[in-house]
Each structure stands twice: as C-alpha cells, then as structure tokens.
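Just below is one structure, and these are the notes that go with it.
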Amino acid sequence: MLWRYPANGVKMCGPSAEYGITRVWCGTGWTGQPAVFERKGRTWVVFGAYDYKIHFVDAATGLDIIAPFQTGDLAKGTVTVDPDGYPLIYEGSRDNKFRVISFDGAEAKELWSIDGHTNDGMHNDDWDAAALVINDYLIEGGENSWLHIAKLNRAYAADGAVTVNPSMVARVQGWDAQLIHDLGQQDPRRVSLESSVVMSGDIVYVNSSGGLVQGWDLSSLRTGVGEVHRVFRFWTGDDSDSTIVADRQGFLYVGVEVDRNTKRSREMGQLLKLDPSKPDDPLVWGVDVYRGPESGTWSTPVLYKDVVIWTTKPGRIYALDRVSGATRWTLEINSFTLSSPSVIDDTLLQADGAGVIRAWEMHDTDVPPTLKWKIDIGSNVESSMSIWKGRIYVGTREGFEFCVGDA
Numbered sequence: 001m002l003w004r005y006p007a008n009g010v011k012m013c014g015p016s017a018e019y020g021i022t023r024v025w026c027g028t029g030w031t032g033q034p035a036v037f038e039r040k041g042r043t044w045v046v047f048g049a050y051d052y053k054i055h056f057v058d059a060a061t062g063l064d065i066i067a068p069f070q071t072g073d074l075a076k077g078t079v080t081v082d083p084d085g086y087p088l089i090y091e092g093s094r095d096n097k098f099r100v101i102s103f104d105g106a107e108a109k110e111l112w113s114i115d116g117h118t119n120d121g122m123h124n125d126d127w128d129a130a131a132l133v134i135n136d137y138l139i140e141g142g143e144n145s146w147l148h149i150a151k152l153n154r155a156y157a158a159d160g161a162v163t164v165n166p167s168m169v170a171r172v173q174g175w176d177a178q179l180i181h182d183l184g185q186q187d188p189r190r191v192s193l194e195s196s197v198v199m200s201g202d203i204v205y206v207n208s209s210g211g212l213v214q215g216w217d218l219s220s221l222r223t224g225v226g227e228v229h230r231v232f233r234f235w236t237g238d239d240s241d242s243t244i245v246a247d248r249q250g251f252l253y254v255g256v257e258v259d260r261n262t263k264r265s266r267e268m269g270q271l272l273k274l275d276p277s278k279p280d281d282p283l284v285w286g287v288d289v290y291r292g293p294e295s296g297t298w299s300t301p302v303l304y305k306d307v308v309i310w311t312t313k314p315g316r317i318y319a320l321d322r323v324s325g326a327t328r329w330t331l332e333i334n335s336f337t338l339s340s341p342s343v344i345d346d347t348l349l350q351a352d353g354a355g356v357i358r359a360w361e362m363h364d365t366d367v368p369p370t371l372k373w374k375i376d377i378g379s380n381v382e383s384s385m386s387i388w389k390g391r392i393y394v395g396t397r398e399g400f401e402f403c404v405g406d407a
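Here the sequence shown stands for residues 1 to 407, where the numbers follow full-length UniProt numbering.
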C-alpha cells in the first residue's frame, strides 16, 4: 500500500436520497473508476466520490494537486479525461448535472453542463457513465434515458485558457414503444442509460437498464450528409450496467444482470456475444450464469487472446471461448464482485467486495491461471481499478482511494 487518500484519514462521505430514503454514502461506487493520465511530467489521478467532490490527486504522493471540485450531490459518474490533451474532464453527478470541467488554472472550473432533470425523462436525473469524446464530439447517456451528442468546439482563448462552446447536435431515446410493451408491468419506466457507450466504426452502441441494445449510425456527423439514425436493435431481457465491448471484427460482448429476472433473459443468458451485421438474428452465443436474484454481471469484460474474461456478481470469473462461448475455465472469488477485471502483461487482476485484490499469471488460455499474489485493502471494492506503470489506483466504499504497487 503506497498511499491512502485523503491522507488526513477523513472519509469521503455524504448524505444522499434514493427512492425517498436518505442515508450516508462513502467512498466510490461501481462507477467510480479513476482517470489516470500524465500532464507536464506529473501523473494525475482524478475521480468523483460520494463526498460530492471530484478529486485531482498526485499519483506519486497521494496529495491534492488542485482543490477538489464541489458538486451538489454524490459525484458518482465515471470521469473521462480529454483524449486530445485539452485540460478538460467530463463527469456526472447525482445533482442532475453532467459537467465539462477545466483544470488548467489554480482551481477546477465548470465550463458547461447538461441538466438531466427534464420533462421527457424516463427514470431519473443522475449521470453514471463515462462519456466518449471523439473528433470533438461528446457522447453521453443519462439516467433520464436520453443519449446526448454534443459538438464541443474546444479551443484556447488569447490568454491560453481552455474554452468550449458546445452545441447539442443529436438527442436520441434509450427506449422505444416495443421495449415498454415487452417490459409490461416490470417497472417499464426504469430504462435508464447507466453503462458507457462503445463505438465501432461509425456506429455507437448503448445499452440500458431495460436491456435494450441499440446501435446509432453517426456517419452524418463526419460526412455532413443525412442524420443520426438507428441501425441496430436487440433486447437482452434484463438490466445492463456492464459496458459493451466491441472487438476488431465488430462483434459485441454484452453483459446482463439478473434484476427483473425475465423469461427472455433466461433464454438469452447473461453473457452474450452479438453480431450486429446480422440485425435480424444477431445472437452468436449466450451463456446462462443464473445463480438466483442479484446474479449475472455488472462488470465489463476483457478480451485476452482467444477468450473473453467475465466476472459475475456472485464472485465467479469465467473465461469463455470467443468463437463458441464454451467455458475454458472458471475461478471462484467467494465474494460478491462488481469491479471489472483487467489483464496487464499476461496478469489477470480482480478486486472484490471483500476488499481483496488478486493477481493471476496467465499464459495458456486453456488452463486456469496461477495465483501470483493478493492484497487486502480492507473494504468493499465496487469500482474498477485503473492500472498504470505498475501501480493500481482504486477506491473503496469505506471512504478512501488507494494506490497499490511496488515501492
């Protein structure tokens, strides 16, 4: 353990209401993966936490680089750092706002925001997902079940300060009439967009808590011809918080929770491979990992050689053949798990709800990997880890952010 943040030992906690009940939340949740990046010779660790703040931390020391940015509720959205080097982050909060924030000065500043509290929203007004920023466009789904696409128009002012001048170019529904019909009496308005989008070619794919996987063609933004339109639709049958992964051939790997526990979900399975080039029959394979209510997966899978590695909420890791979906091997963690797996340099890493981070050595994908080490950081890890230059950065529900690595 190299450092624990905050160094003063004061936990990152705040009160917040959910379904009319107010309670104290601490640390970072399943959407709390930190953004780690290098800027001007320094490595930054930036994350939102349940103390209503977005923190900008020095990876070497575990101390603040600039003061935290204050929001109005749990800063629970996953941070995106600008991919083109602009000193900007993008992050959503439970205070209804998704923000574009600059950090090039002595303090972080809000430059623009989207308000998720709208009259045409379906479920809620929170923001969970990490935004996708590509070719100066921002793509982000909200719990109001709308997918937002904005042209950022990033630039620098005469004094060198970063600027944005966004315009909303498209706003599309995360639901349709068929989905509402299929959900029936099973909470049909709970169709929020909580998982992050993924892009393959000109198509952006988004999944929802109603289980609706959609593909939207954004080529018009590149060519100036036509408009954003839907080209793919598939209903998994149940809630998805797991972010879709697309491989180089365009296949989609889609994780599903057991929430509504629908007949459709049991028929399809909870670990799916889809082929969007066959929209009328896209299911390549599905693996049923049902183990009662609150099973399935919340984590985003990792593609490694010829397998896809998926962790389920009850604490079992599956390595599935990417072609057939056959199970090559499994590992038992024996603790509920929301955090996503990672593979770095042939090492599989996984954090769990008991606060244990494990590392397994992987070479032959046909046999289970060998445990290399494990470390107990003391509290439930829901957030996915960020790993950079031999160090692991991750938060816990106890109220702290940790750095683990060699001294």
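Glycine residues also receive a C-beta, built at the ideal position from the N, C-alpha and C atoms.
Nearest to residue 235 by CA position, among 382, 179, 66 and 81, is which residue? For the purposes of this step, residue 235 is taken as residue 235 along the sequence shown, with counting starting at 1. Comparing Cα positions, the closest option is 179.
Just to confirm before moving on: does the CB-CB distance between residue 391 and residue 405 stay below 8 Å? The count along the sequence shown starts at 1 and reaches residue 391 at position 391. The count along the sequence shown starts at 1 and reaches residue 405 at position 405. Going by C-beta atoms, residue 391 is nearer than 8 Å to residue 405.
Could you give the distance in angstroms between the alpha-carbon of residue 255 and the alpha-carbon of residue 157? For the purposes of this step, residue 255 is taken as residue 255 along the sequence shown, with counting starting at 1. For the purposes of this step, residue 157 is taken as residue 157 along the sequence shown, with counting starting at 1. Answer to the nearest angstrom: the Cα atoms are 43 Å apart.
Presumed contact (8 Å Cβ cut-off) between residue 121 and residue 144, rounded CB distance: On the sequence shown, position 121 is the one that residue 121 refers to. On the sequence shown, position 144 is the one that residue 144 refers to. About 3 Å; that satisfies the 8 Å criterion.
Between residue 152 and residue 138, which are expected to be in contact by the criterion C-beta below 8 Å, what is the C-beta distance as a whole number of angstroms? Position 152 of the sequence shown holds residue 152. Position 138 of the sequence shown holds residue 138. The pair is a contact, with the Cβ atoms about 5 Å apart (cut-off 8 Å).
With distances taken between CB atoms, is the gap from residue 326 to residue 339 smaller than 8 Å? Taking the first residue of the sequence shown as 1, we reach residue 326 at position 326. Taking the first residue of the sequence shown as 1, we reach residue 339 at position 339. Contact flag unset, no.
How long is the line joining the alpha carbons of residue 355 and residue 376, rounded to whole angstroms? If you number the sequence shown from 1, residue 355 lands on position 355. If you number the sequence shown from 1, residue 376 lands on position 376. About 6 Å.
Give the list of continuous beta strand (DSSP E) stretches no shorter than 3 residues that lie fully inside the region 112-194. 132-134, 137-141, 146-151 and 167-173
At what residues does the alpha helix (DSSP H) containing residue 365 begin and finish? For the purposes of this step, residue 365 is taken as the residue at position 365 of the sequence shown. Unbroken run through residue 365: none, as it is neither H nor E.
With a threshold of 16 other CB atoms inside 10 Å of the CB of residue 177, please say whether the residue is buried or exposed. For the purposes of this step, residue 177 is taken as the residue at position 177 of the sequence shown. Exposed.
Close Cβ partners of residue 291 (< 7 Å) along its chain, the five nearest in sequence each way excluded: Here the question's residue 291 lines up with position 291 in the sequence shown. Cβ within range, chain order: 314.
Residue 277 burial status per 10 Å Cβ neighbour count (16 or more: buried): As a first step, residue 277 is located in the sequence shown; it is residue number 277 there, counting from the start. Burial call: exposed.
Hey, how far is the Cα of residue 280 from the Cα of residue 371? Your numbering for residue 280 matches position 280 in the sequence shown. Your numbering for residue 371 matches position 371 in the sequence shown. Computed Cα separation, rounded: 43 Å.
Suppose contacts are defined by Cβ-Cβ distances below 8 Å. Is residue 393 in contact with residue 384 by that definition? Locating residue 393 in the sequence shown gives position 393, where the first residue counts as 1. Locating residue 384 in the sequence shown gives position 384, where the first residue counts as 1. Their beta carbons are not under 8 Å apart, which means residue 393 does not touch residue 384 by this criterion.
Length of the line joining the Cα atoms of residue 115 and residue 125: In the sequence shown, residue 115 corresponds to position 115, counting from 1. In the sequence shown, residue 125 corresponds to position 125, counting from 1. Those two C-alpha atoms are separated by around 8 Å.
Would you please state the rounded distance, in angstroms, between the beta carbons of residue 150 and residue 194? I believe it to be under 8 Å. Stepping through the sequence shown from its first residue, residue 150 is reached at position 150. Stepping through the sequence shown from its first residue, residue 194 is reached at position 194. That pair is no contact at about 19 Å.
Where in the region 190-256 do unbroken runs of the alpha helix (DSSP H), each at least 4 residues long, occur, reported from the N-terminal end onward? 219-223
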